[in-house]
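The numbering used here applies: residue 250 is where the first sequence begins, and numbers increase by one.
Note that the Cβ used here is the ideal one computed from N, Cα and C, for glycine as well.
Here is the structure we will look at.
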Amino acid sequence: MPEGHTVHRTAKIFQKTFAGQQLKVWSPQGRFAAESALLDNRVLVRAYAIGKQMFLKFDRDLTVRIHLGIYGKWRFEAKPDGVAPEPVGQVRVRFETQTNYADLRGPTACEILTDEQVKALRSKAGPDPLNPDQSGAECERFVQMVLRSKTAIGLLLMNQDVLSGIGNVYRAELLFRAGLDPHRPGNSISREQVEAIWRDSVKLLTVGVAKGIMITRDEFLTKRPTVDQRYFVYKREGQPCRVCGVNVAIELMATRKLYWCPGCQS
DNA sequence: TTGTCATGCATAC
DNA sequence: TATGCCTGACAAG
């Protein structure tokens, strides 16, 4: 379920399991065959994430950029007897060591980039709450983009050039927690409120990485919520708001479903 | 078994 | 704004 927390978590697994090792890289499905040939038997230098994108930096100026989109999936397995099983279904690319392998299926993007291209993408990407800096510059960059924009905050939070790693679930829940109407233009919101959204996104995504699931209700930070308890507004349209009792609303905002509470969010 | 939907985004109009 | 990508989970029958 790929919002930023999942991708960062995957990057950590990749770093721990594969970094510093020579990898066997191949494309069972064939759609990444030519690229795999360039990577095969090279050393993975580092795995890291920016928002929803994962980067696998190999030696000699080769980086793989992977974006899962809605469908993409990773599967990590050990090779107990040193042999990986035959790939099942459409595996775009398999990365292997002597002891482990990872299968990638259905990504929106899987491509090789040069260092120069990576640099360009990195500078374009919005601040990532999971790559926080000590100086506060990333928070300020986010704040400035929001305060200078006439665009609805519900759209701004989904824009990866404004804030990296937020998807439809975190968008809905962050705005609920902030008590903000998703339709409010960025430039109509106070600086304090925008800064609070940044801090809250750092908090929620960090919890998401640690727990492996999205938790947006503070009372479930220590005990695991059931499916029904999970969120304040996401996928709760027509049900009473947990705080004020008004029915949760749903509408389409730029083709994506937007969930919000007309009672709490103004 | 079939149908629908999805935590995303690039592209075309 | 609408469409296509391409996979898996789940509901409906």
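Element boundaries [alpha helix (DSSP H), containing ARG390]: 386-396
Are there 16 or more other CB atoms within 10 angstroms of the CB of VAL482, so buried, or fewer, so exposed? buried
Determine contact between the segment 347-360 and the segment 374-391, defined as no fewer than three beta-carbon pairs at a distance below 8 Å. no
Three-state secondary structure assigned by DSSP to ALA374: coil
Check each candidate in PRO434, LEU412 and CYS513 and name the one with the smallest Cα separation from ARG397. PRO434
Buried or exposed for ILE446, going by 16 or more other Cβ atoms inside 10 Å? buried
Helix, strand or coil for ASN349 per DSSP? strand
Identify which residue in LYS306, ARG309, PRO336 and ALA260 has its Cα closest to the Cα of LEU317. ALA260
Three-state secondary structure (DSSP) of LYS243: What the structure shows of the chain is the stretch from 250 to 515, and residue 243 is not part of that stretch, so it cannot be assessed.
Cut-off 8 Å between Cβ atoms - residues of its own chain near VAL443, not counting five sequence neighbours on either side: PHE391, VAL392, VAL395, LEU396 and GLY435
Give me the Cα-Cα distance between PRO381 and GLY414, rounded to the nearest whole angstrom. 13 Å
Do LEU293 and ALA268 count as a contact pair if the criterion is CB distance below 9 Å? yes
Beta-ladder partner(s) of VAL292, from DSSP: GLN271
Does DSSP put HIS257 in a helix, a strand or coil? helix
Answer with buried or exposed for ASP377, where buried requires no fewer than 16 other C-beta atoms within 10 angstroms of its C-beta. buried
Suppose you measure from the CA of VAL256 to the CA of LEU453; what does that come to, to the nearest Å? 14 Å
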